[in-house]
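First the structure, in the form of structure tokens, and then the observations on it.
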Amino acid sequence: MNWTLSAFADEAAPSCEAQIAGLQRAGLSRIDIRSIEGHNISTLPLDIAGEVKKKLDDAGITVQMLGSPIGKIDIGDDVASDITKLRHIGSLAPILGCNAVRIFSYYNKAGVSHIEWMAKSLFRLETLRDEAKAMGLVLYHENERHIFGDLGADVLQIAELRDDNFKLIFDFDNYNQSGEDVWATWLKLADQTDSFHLKDSTTDNMHVPAGLGNGKIPEILADAVKRGWSGPVAVEPHLTHSGAVAATGPSGAVNEAYSAMPHAESFHIAVEASKAALAEAGADWK
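One rule links them: number in our numbering = place in the sequence shown (from 1) + 13.
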């Protein structure tokens, strides 16, 4: 099996140097870039991307995935904004040495019928998939609260788009906060899951380190090992409402036990808990 472990290091700090320090302290050699040096990945200037890549190379860190915000707009909004972001990321990919891109589906602010919401979301996702294919990018759809694809039954519809350049992320916390039975959702989606986000929360939607919440992380990881699963795994802590987390939108209840900590410290706790959950499940990662 080939499990690779990365982290959203912008939850440790905003600068490249500090993100590298957080990763190295935790013993990780991969990063998911969502924001760095004051820029979201979808707007990161090419020259700064080159500087970031050199610093990462010097530290022996590779980019596992580009954590874009693509999607996460309304089905009534112009999809051109997403295409613009995707094309910019297409320009960043060869600089950063990574063609894997996290995306989302779409909101339904007008409250149109579920069938219409599904049809419009799937059309947009298919459009992004085809655009990405032309650029050699691989899209990874993340389940997110309140968008089409927050529930396992709808992700099964999105799974119809899966191919070599369109894959699915299983985010434990987002399913829990959407009211899903996370174990039952895993059983629906095990054969369609291509990546994990290690993020956990309690029944009252408070974020906690991986394995300490209602996301069934230990059980699901152990089952994934038994099934021979392999793929990229990323720690997405959300233990504090840092600038990086706030930029992603509403994010559950504040955990007072971690909110007063330096972000680098809560990030480290999150990574160590995730590593422990992986070890308990018998998952070998690199």
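Positions of the beta carbon are idealized from the N, C-alpha and C atoms, including for glycine.
Practice problem: Label Asp184 either buried or exposed according to how many other C-beta atoms from any shown protein chain fall within 10 Å of its C-beta, with 16 as the threshold for buried. | Solution: Under this definition Asp184 is a buried residue.
Exercise. Look at the Cβ atom of Met78, then the Cβ atom of Ser28, and state whether they are nearer than 8 Å.
Key: Their beta carbons are not under 8 Å apart, which means Met78 does not touch Ser28 by this criterion.
Quiz item: For the stretch 192-206 against the stretch 146-153, are there 3 or more C-beta pairs whose distance is under 8 Å?
Solution: The stretch 192-206 is not in contact with the stretch 146-153.
Quiz prompt | Cβ-based neighbour list, Ser193, same chain, cut-off 7 Å, excluding 5 preceding and 5 following | solution = Residue identity differs from the one stated: residue 193 is Glu in this sequence, not Ser. Contacts found: Leu164 and Gly165.
Self-check item: 8 Å contact criterion, which Leu225 and Asp213 should meet: CB distance rounded
Solution: Yes, they are in contact, since the Cβ atoms of Leu225 and Asp213 sit about 6 Å apart, within 8 Å.
Exercise. List the whole-angstrom C-beta distance separating Ala294 from Val238, where the pair is believed to meet the contact cut-off of C-beta under 8 Å.
Key: About 5 Å; that satisfies the 8 Å criterion.
Quiz item: Among Arg142, Cys111, Asp167 and Asp90, which residue has its Cα nearest to the Cα of His127?
Solution: Selection Arg142, Cys111, Asp167 and Asp90 evaluated against His127 yields Asp167 as nearest (Cα-Cα).
Self-check item: Length of the line joining the Cα atoms of Gly63 and Phe21
Solution: One Cα belongs to Gly63, the other to Phe21, and the distance between them is close to 19 Å.
Quiz item: Among residues of its own chain, excluding the 5 on either side of Ser104, which ones have a beta-carbon nearer than 7 Å to its beta-carbon?
Solution: Hits under 7 Å: Leu59.
Practice problem: Work out the CA separation of Lys98 and Trp298 for me, nearest whole Å. | Solution: Going by the C-alpha atoms only, they are around 31 Å apart.
Quiz item: From Ile116 to Met131, what does the alpha carbon distance come to, in whole angstroms?
Solution: Roughly 16 Å separates the two Cα atoms.
Quiz prompt | Ser272, DSSP secondary structure in three states | solution = Of the three classes helix, strand and coil, the one that applies to Ser272 here is helix, per DSSP.
Quiz item: Alpha carbon to alpha carbon, how far is Trp196 from Glu232?
Solution: Distance between the alpha carbons of Trp196 and Glu232 is about 8 Å.
Quiz item: Considering only C-alpha positions, which residue in the set Ala93, Pro82 and Val114 is nearest to Val76?
Solution: Closest option to Val76, judged by alpha-carbon separation, among Ala93, Pro82 and Val114: Val114.
Exercise. Flag this pair as yes or no: are the beta carbons of Asn33 and Ile61 separated by less than 8 Å?
Key: Reading off the sequence shown, one finds Ile at residue 33, where the question assumed Asn. Against a cut-off of 8 Å, the Cβ pair of Ile61 and Ile33 comes out as no contact.
Exercise. Check Ala113 in the structure and name its three-state DSSP category.
Key: Of the three classes helix, strand and coil, the one that applies to Ala113 here is strand, per DSSP.
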